[in-house]
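Trainee:
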Amino acid sequence: MKRPLLLIPALVVLLTSTAQPGKQPVKKTPPKPAPAKPAIVVRPMPGIFKSLNDSASYCIGMSVAGFCRQQGIAQINTALVTKSITDILNGKPVLMDEASCNNLINTMLMGGAAATAGINGPARKDTVIQNALDSISYAIGANHATFFKQQGLTQLNTALILRGAEDILASKPSLINDRLANGVMNRALMKVQEESVRPTIEAGKTFLAKNKLRPGVKVTASGLQYEILKKGTGIRPTSKDTFVCHYRGTLIDGTPFDASYDRGQPLEYPLGKVIAGWTEGLQLMPVGS
Numbered sequence: 558m559k560r561p562l563l564l565i566p567a568l569v570v571l572l573t574s575t576a577q578p579g580k581q582p583v584k585k586t587p588p589k590p591a592p593a594k595p596a597i598v599v600r601p602m603p604g605i606f607k608s609l610n611d612s613a614s615y616c617i618g619m620s621v622a623g624f625c626r627q628q629g630i631a632q633i634n635t636a637l638v639t640k641s642i643t644d645i646l647n648g649k650p651v652l653m654d655e656a657s658c659n660n661l662i663n664t665m666l667m668g669g670a671a672a673t674a675g676i677n678g679p680a681r682k683d684t685v686i687q688n689a690l691d692s693i694s695y696a697i698g699a700n701h702a703t704f705f706k707q708q709g710l711t712q713l714n715t716a717l718i719l720r721g722a723e724d725i726l727a728s729k730p731s732l733i734n735d736r737l738a739n740g741v742m743n744r745a746l747m748k749v750q751e752e753s754v755r756p757t758i759e760a761g762k763t764f765l766a767k768n769k770l771r772p773g774v775k776v777t778a779s780g781l782q783y784e785i786l787k788k789g790t791g792i793r794p795t796s797k798d799t800f801v802c803h804y805r806g807t808l809i810d811g812t813p814f815d816a817s818y819d820r821g822q823p824l825e826y827p828l829g830k831v832i833a834g835w836t837e838g839l840q841l842m843p844v845g846s
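Going by this note's numbering, the first residue of the sequence shown is number 558, and it counts up by one from there.
1) With a Cβ-Cβ cutoff of 7 Å, do Val621 and Ser694 count as a contact?
2) With DSSP run on the structure shown, which of helix, strand or coil describes Gln782?
3) Whole angstroms is fine: what's the gap from Lys649's alpha carbon to Ile832's?
4) Does DSSP put Leu808 in a helix, a strand or coil?
5) Distance check for Asp810 and Lys762, CA to CA, integer angstroms please.
6) Inspect the beta-carbon positions of Ile633 and Cys625 and report whether they are closer than 7 Å.
7) Taking the alpha carbon of Leu808 as the reference point, which residue from Val776, Asn660, Ala760 has its own alpha carbon closest?
8) Nearest CA to the CA of Gly698: which residue from Ile718, Arg805, Gln712?
9) Any chance you could list the alpha helix (DSSP H) runs of at least 4 consecutive residues sitting entirely within the region 702–736, in chain order?
10) Return the bridge partner residues of Ala816 from the DSSP annotation.
11) Where does Ser641 land, buried or exposed, given buried means 16+ other C-beta within 10 angstroms?
12) Let me confirm a value: Asn688 is counted as buried when at least 16 other C-beta atoms fall within 10 Å, else exposed. Which label applies?
13) By how many angstroms is the C-alpha of Thr836 removed from the C-alpha of Pro823?
14) What separation, rounded to the nearest whole angstrom, lies between the Cα atoms of Ala722 and Gly623?
15) Just checking my contact of Leu828 with Thr799 at CB under 8 Å: how many whole Å lie between their CB atoms?
16) If you draw a straight line from the alpha carbon of Gln782 to that of Met742, how long is it in whole angstroms?
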């Protein structure tokens with residue numbers, strides 16, 4: 558085949574289909590929608606929180622302190638917590654390697670703070686870490702920093718991380734309550750994810766804008782773009798049917814990522830249970846298309 562059938566942005570599929578009318582998948586009763594919650598609005602606090610990043614940093618400090626309290630640790634070396642976070646986020650040499658930090662955290666989780674009493678230093682000798690409390694403090698900060706770095710949240714305000722931790726450990730009124738803190742972190746992580754996929758989304762939009770101008774390409778009300786290279790003469794499947802089809806999927810640059818042809822086995826699946834582009838597109842193709 559010369560040209561593929563576009564079903565959804567960044568997904569190109571070649572299909573040869575048959576349908577099996579009467580095979581209807583069991584419909585599950587959809588869960589009742591949860592009552593709408595009021596939107597969480599994070600307003601900058603002059604002199605303290607100037608951005609979402611600042612608010613998220615304070616919340617991470619709260620999380621560090623909350624973790625310590627859960628493990629029965631009433632006091633930590635907050636300077637070493639923030640140092641470990643800074644070391645990891647900035648790619649600096651660490652005072653304790655990841656394996657040592659993880660072992661220490663796991664020991665604490667299994668036996669509580671008392672289980673770490675015999676741990677007196679890091680994997681390498683260092684004058685900064687002098688006792689078990691220092692080791693625990695550095696490991697806790699490193700554990701949090703590693704997680705958030707993996708999520709893409711790297712531009713943090715360490716001064717506000719420190720303040721968040723100290724406010725909670727000292728039982729001071731926190732600048733952000735627990736419910737709002739969850740909303741702040743969700744928004745911060747979502748923003749990072751949106752930024753990471755933005756180039757892909759823009760590339761998809763550009764591709765679709767050009768693709769719809771090609772002869773033979775049709776666009777439905779939903780925005781689905783499709784082109785039938787060869788039209789079959791059979792019946793059209795409905796959303797209640799089970800379809801059988803061969804397909805090939807590629808990225809918009811032509812890179813293949815999946816193909817039933819390679820497995821020598823067509824896909825057989827309820828039409829109402831696949832992605833929206835397939836559900837709509839296959840209903841536009843008579844069997845044999």
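Just so it is clear, CB atoms sit at the ideal spot from N, CA and C, and this is done for glycine as well.
Mentor: The structure says:
1) Residue mapping note: residue 621 aligns to position 64 of the sequence shown, counting from 1. Residue mapping note: residue 694 aligns to position 137 of the sequence shown, counting from 1. Not a contact, by the Cβ cut-off of 7 Å.
2) Your numbering for residue 782 matches position 225 in the sequence shown. Strand, per DSSP.
3) Locating residue 649 in the sequence shown gives position 92, where the first residue counts as 1. Locating residue 832 in the sequence shown gives position 275, where the first residue counts as 1. Distance between the alpha carbons of Lys649 and Ile832: 44 Å.
4) Here residue 808 corresponds to residue number 251 of the sequence shown, with the count starting at 1. Coil, per DSSP.
5) For the purposes of this step, residue 762 is taken as residue 205 along the sequence shown, with counting starting at 1. For the purposes of this step, residue 810 is taken as residue 253 along the sequence shown, with counting starting at 1. Cα to Cα, Lys762 sits roughly 13 Å from Asp810.
6) To locate residue 633, count along the sequence shown from 1; it is residue 76. To locate residue 625, count along the sequence shown from 1; it is residue 68. Yes, the Cβ-Cβ distance between Ile633 and Cys625 is below 7 Å.
7) Counting from one through the sequence shown, the residue named residue 808 turns up at place 251. Out of Val776, Asn660, Ala760, Ala760 has the C-alpha closest to the C-alpha of Leu808.
8) Counting from one through the sequence shown, the residue named residue 698 turns up at place 141. Looking at the Cα atoms, Ile718 is the closest of the given residues.
9) 715–726
10) Mapped onto the sequence shown, residue 816 falls at position 259. Note: Ala816 sits in a beta bridge opposite Arg805.
11) In the sequence shown, counting from the first residue as 1, residue 641 sits at position 84. Buried.
12) Taking the sequence shown and counting its residues from 1, the one referred to as residue 688 is at position 131. Asn688 is exposed by the Cβ-count criterion.
13) As a working mapping, residue 823 is identified with position 266 in the sequence shown. As a working mapping, residue 836 is identified with position 279 in the sequence shown. If I take the Cα positions, the gap works out to 16 Å.
14) Numbered from 1 along the sequence shown, position 165 holds the residue referred to as residue 722. Numbered from 1 along the sequence shown, position 66 holds the residue referred to as residue 623. Straight-line Cα distance between these residues: approximately 8 Å.
15) Taking the first residue of the sequence shown as 1, we reach residue 828 at position 271. Taking the first residue of the sequence shown as 1, we reach residue 799 at position 242. Rounded, the Cβ-Cβ distance is 7 Å, consistent with contact.
16) Counting from 1 along the sequence shown, the entry for residue 782 is found at position 225. Counting from 1 along the sequence shown, the entry for residue 742 is found at position 185. Distance between the alpha carbons of Gln782 and Met742: 37 Å.
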